[in-house]
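**Q** In this note's numbering, the protein residues as written are 973 to 1352. We put the CB at the ideal spot given by N, CA and C, even for glycine.
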Ligand SMILES: *Cc1c(COP(=O)(O)O)cnc(C)c1O
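1. Pick from 1170, 1084 and 998: whose alpha carbon is nearest that of residue 1013?
2. Report yes if the C-beta distance between residue 1136 and residue 1143 is below 9 angstroms; otherwise report no.
3. Please report the straight-line C-alpha distance between residue 1008 and residue 1276, rounded to a whole angstrom.
4. Within 8 angstroms: the Cβ of residue 948 and any heavy atom of ligand 1?
5. So, at 8 angstroms on beta carbons, what are the nonlocal neighbours of residue 1254 in its own chain, with the 5 sequence-adjacent residues on each side left out?
6. Our contact map puts residue 1154 next to residue 1110 with C-beta atoms below 8 angstroms; I'd like the distance itself, whole angstroms only.
7. Are three or more beta carbon pairs between the stretch 986–1006 and the stretch 1201–1211 nearer than 8 angstroms?
8. Taking the DSSP output, what are the residues bridged to residue 1237?
9. Using only the alpha-carbon positions, how far apart do residue 1302 and residue 1102 sit?
10. For residue 929, count neighbouring Cβ atoms within 10 angstroms of its own Cβ and tell me buried if that reaches 16, exposed if not.
11. Sort 1283, 1039, 1266 and 1318 by Cα distance to residue 1172 and report the nearest one.
12. Taking 8 angstroms as the cut-off, is the CB of residue 1053 close to at least one heavy atom of ligand 1?
13. For the alpha helix (DSSP H) holding residue 1321, just list the boundary residues, first then last.
14. If we count Cβ pairs, one from each stretch, closer than 8 angstroms, do we get three or more for the stretch 981–990 versus the stretch 1210–1219?
15. Would you say the stretch 1187–1200 touches the stretch 1066–1073, given that touching needs at least three Cβ pairs under 8 angstroms?
16. Under the rule that 16 or more other beta-carbon atoms within 10 Å means buried, what is residue 1285, buried or exposed?
17. Between 1052, 1094 and 1021, which has its C-alpha nearest residue 1044's C-alpha?
18. Distance, Cα to Cα, residue 1227 vs residue 1264?
19. With burial defined as no fewer than 16 other Cβ atoms inside 10 Å of the residue's Cβ, what is the status of residue 1198: buried or exposed?
20. Which one of 1190, 1181 and 1104 has the shortest CA to CA distance from residue 1202?
21. For my contact list, residue 1270 and residue 1075 are in at a C-beta cut-off of 8 angstroms; report their separation, rounded to the angstrom.
22. Residue 1171 by DSSP, collapsed to three states: which one?
23. Classify residue 1203 as helix, strand or coil using the three-state DSSP reduction.
24. Taking its Cβ as the centre, do 16 or more other Cβ atoms sit within 10 Å of residue 1146, making it buried, or is it exposed?
25. Could you tell me the distance, in whole angstroms, from the CA atom of residue 1325 to the CA atom of residue 1312?
26. With residue 1060 and residue 1049 assumed to form a contact (beta carbons below 8 angstroms), what rounded beta-carbon distance in angstroms separates them?
27. I'd like the list of long-range same chain contacts for residue 1106, defined as Cβ closer than 6 angstroms, with 5 residues on each side in sequence excluded.
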């Protein structure tokens, strides 16, 4: 699904040298590399504060802690996402409220969010799923109207851009009150272990969060709030510093691969290809960066998706099903309040979706081999 080794080979010299430098510096935790990466990411994202932490799940949890959400508060998020999003809501004793998604963008459905708002609702967590921004204008307007926080789960869309109706462009993760991301190796900006970060333009919130990631300490050995221990290692930070300048070209490579896939699937019945929001040819944008293709995910109509998965695996083609089970049907998150009719889209998507190999090192030959195998099966 990914080719991290091929990507590493191209930056090996720089990465190896800087990792060795960190080792000989002995500044393993909160060293100058972490600080430098933080500043470079702030400038890349055009956001006032980046707070590095240990992983993307922690980042979400810490964002919610920083906002002071309390047990019993309701937090609305998408039924069709990775479990980490809902997990941290539940862990903090908050009440997760799962809602359906849009069948085209796979992102949280604004109408469903509207219907789910109650007097107890405190926050909305849009996930920029598969690399495509959630509809932030509508979500921010709704949040303002109901006095809610917006926490963007940007684990799959770092480097992506959202263009507002008025033409303003912002990096995903920097639009809501707070955003989070993951540097898990297979993410668009991945390190060689675990890592994550929180983004905000709010000075006070950034200060609160900086204490939370460090055991609730603002002054050494004075613990003002209950915190956690969540740090980005200096070794991971130095690797991320080597990769950040490549992020735009990494995302462009992903988009090029996506374009080739979509070109190959043009006119094939029963295959629905993924698209961004802009009117670019094939729905794949080169201008506004609305989709950074963390995953390239097809919908298959009238097709036995699981049989296709087997068919591809037999030909040595990896593929993934993200996600096979809606969160509202997972044992840990099931709730009597949920009605199946409210999850019609997610219930359908879990049967139809398949994600093809997507990374920065895909070549034409591989894409040709993969698309032919898919088309042969679907048109048989
Ligand atoms: C990867 C991911 C996370 C969690 O990131 P980790 O670094 O693995 O903890 C959270 N949300 C989404 C949508 C993700 O894809």
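**A** For this structure:
1. 1170
2. no
3. 49 angstroms
4. This structure gives no information on residue 948, because the portion of the chain shown stretches from 973 to 1352.
5. 1231, 1234, 1235, 1238, 1245 and 1247
6. The pair is not a contact, with the Cβ atoms about 25 angstroms apart (cut-off 8 angstroms).
7. yes
8. Bridge partners of residue 1237: none, in fact.
9. 21 angstroms
10. Residue numbering for the chain in the displayed model covers 973 to 1352; residue 929 lies beyond these limits and cannot be assessed.
11. 1039
12. yes
13. 1316–1324
14. yes
15. no
16. exposed
17. 1094
18. 6 angstroms
19. exposed
20. 1181
21. No, residue 1270 and residue 1075 are not in contact; Cβ-Cβ is about 13 angstroms, not under 8 angstroms.
22. strand
23. coil
24. buried
25. 19 angstroms
26. Actually they are not in contact, since the Cβ atoms of residue 1060 and residue 1049 sit about 10 angstroms apart, beyond 8 angstroms.
27. 1079, 1080, 1098 and 1100
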